[in-house]
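Chemist: Numbering (my numbering), first residue to last: 4 to 251. Backbone N, C-alpha and C define an ideal beta-carbon position, used for all residues, glycine too. Can you read through this structure? Questions will come right after.
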């Protein structure tokens with residue numbers, strides 16, 4: 004009996020150790036993260052920052068010096084998300100809500116703009132790493148382009164775009180390109196390349212078009228340049244159902 008009783012403290016210590024390790028692991032996995040990049044546009048430098056909080060929401064902001072050029076926030080839902088653009092060109096401001104396959108959009112004053120039932124998944128700059136990671140089996144060399152939709156608030160429509168896999172980089176980096184999905188979209192979207200780490204978990208660079216204008220007070224022309232992440236952007240694990248209809 005005394006031998007069993009004396010062993011209890013060791014069992015207790017072992018349990019405390021195991022549970023403390025589990026708790027620490029849970030804390031690490033839910034710890035907020037921040038990514039940052041320098042966007043080179045002509046002779047300008049624009050700073051991009053992205054913050055992912057413990058609930059998976061993504062805050063995205065472009066600044067030129069102290070001036071905010073664009074600011075948005077993504078809040079994930081079980082089968083969808085809410086995107087609010089609170090700063091940028093007036094044509095960009097508003098809130099989009101995707102719930103299953105239903106997209107609803109309101110302007111910056113909360114007035115309804117349009118809603119529709121989607122037939123393709125949505126892809127937005129705010130969650131490009133999550134979209135590529137979730138659909139990686141569809142974005143492969145030799146496969147047909149992966150079609151998705153990009154909502155345009157001012158035009159009150161979802162425009163066709165597509166993802167294409169390109170050859171890997173010299174160190175095995177994964178390279179994918181976002182392209183216009185129709186002839187008309189060629190006038191609004193320049194092909195944009197995203198370079199990920201070899202495991203597909205980390206966004207390293209972006210070359211092409213960005214979701215900010217160089218001057219929110221001027222005409223709505225998007226920045227076209229290149230960016231390298233000084234603090235890399237880790238892709239979260241999102242279920243494919245969060246992007247709307249499943250890819251085909």
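(1) Determine the extent of the alpha helix (DSSP H) in which residue 135 is found, giving its start and end residues.
(2) Distance, Cα to Cα, residue 144 vs residue 112?
(3) Which residues in the same chain as residue 237 place their Cβ atom closer than 7 angstroms to its Cβ, once the five residues preceding and following it in sequence are excluded?
(4) Anyone know if the C-beta pair for residue 74 and residue 47 falls short of 8 angstroms?
(5) Hey, which unbroken runs of the beta strand (DSSP E) at 3 residues or more fall wholly within the region 66 to 141?
(6) Per DSSP, which residues does residue 232 bridge with? Please list them.
(7) What's the gap between the Cα of residue 172 and the Cα of residue 216?
(8) Tell me where the beta strand (DSSP E) around residue 210 begins and ends.
(9) Taking a contact to mean a Cβ-Cβ separation below 8 angstroms, would you say residue 72 touches residue 49 in this structure?
(10) Tell me the residue span of the beta strand (DSSP E) that contains residue 166.
(11) Should residue 202 go down as buried or exposed, given a rule of 16 or more other Cβ atoms within 10 Å for buried?
(12) Answer yes if the region 136 to 156 comes into contact with the region 230 to 250, meaning at least three C-beta pairs across the two stretches below 8 angstroms, and no otherwise.
(13) How is the beta strand (DSSP E) around residue 152 delimited, first residue to last?
(14) With H, G and I counted as helix, E and B as strand and the rest as coil, what does DSSP make of residue 53?
(15) Using C-beta distances below 8 angstroms, list every residue in its chain close to residue 116, excluding the 5 sequence neighbours before and after it, in chain order.
(16) Excluding the five sequence neighbours on either side, which residues of its own chain have a C-beta within less than 8 angstroms of the C-beta of residue 41, listed in chain order?
(17) Would you decide whether residue 3 is buried or exposed? Buried here means 16 or more other CB atoms lie within 10 Å of its CB.
Modeler: According to the structure shown:
(1) Along the chain shown, read from residue 1 onward, the residue named residue 135 stands at position 132. From DSSP, the alpha helix (DSSP H) with residue 135 extends over 131 to 137.
(2) Taking the first residue of the chain shown as 1, we reach residue 144 at position 141. Taking the first residue of the chain shown as 1, we reach residue 112 at position 109. For residue 144 and residue 112, the gap between their C-alpha atoms comes out near 44 angstroms.
(3) As a position in the chain shown, residue 237 is number 234, starting the count at 1. Beyond the five residues adjoining it in sequence on each side, residue 237 comes within less than 7 angstroms, by CB distance, of 36, 204, 205 in the same chain, given in chain order.
(4) By one-based count along the chain shown, residue 74 stands at place 71. By one-based count along the chain shown, residue 47 stands at place 44. Note that the C-beta distance between residue 74 and residue 47 is not below 8 angstroms.
(5) Runs of the beta strand (DSSP E) spanning 3 or more residues and lying entirely within the region 66 to 141 occur at 70 to 80, 83 to 90, 97 to 102, 105 to 109, 115 to 120, in chain order.
(6) By 1-based counting over the chain shown, the position of residue 232 is 229. Its beta-bridge partners are 40.
(7) For the purposes of this step, residue 172 is taken as the residue at position 169 of the chain shown. For the purposes of this step, residue 216 is taken as the residue at position 213 of the chain shown. Residue 216 has its alpha-carbon roughly 29 angstroms from the corresponding atom of residue 172.
(8) Locating residue 210 in the chain shown gives position 207, where the first residue counts as 1. For residue 210, the uninterrupted beta strand (DSSP E) segment begins and ends at 205 to 212.
(9) Reading the chain shown from its first residue, position 69 is the one you call residue 72. Reading the chain shown from its first residue, position 46 is the one you call residue 49. Contact: yes.
(10) Counting from one through the chain shown, the residue named residue 166 turns up at place 163. It spans 160 to 169 - the beta strand (DSSP E) in which residue 166 sits, taken as one unbroken run.
(11) Your numbering for residue 202 matches position 199 in the chain shown. Under a 10 Å Cβ-count criterion, residue 202 is classified as exposed, with fewer than 16 other Cβ atoms of the shown protein chains found around its own Cβ.
(12) With a cut-off of 8 angstroms, the region 136 to 156 and the region 230 to 250 count as touching, because enough Cβ pairs lie within range.
(13) By one-based count along the chain shown, residue 152 stands at place 149. From DSSP, the beta strand (DSSP E) with residue 152 extends over 149 to 155.
(14) Position 50 of the chain shown, counted from the first residue, corresponds to residue 53. DSSP places residue 53 in strand when its eight states are reduced to three.
(15) Here the question's residue 116 lines up with position 113 in the chain shown. Excluding positions up to five away in sequence, the list reads 97, 108, 109, 110, 156, 159.
(16) By 1-based counting over the chain shown, the position of residue 41 is 38. 48, 49, 50, 51, 230, 231, 233.
(17) The displayed coordinates of the chain run from 4 to 251. Any statement about residue 3 would go beyond what the structure contains.
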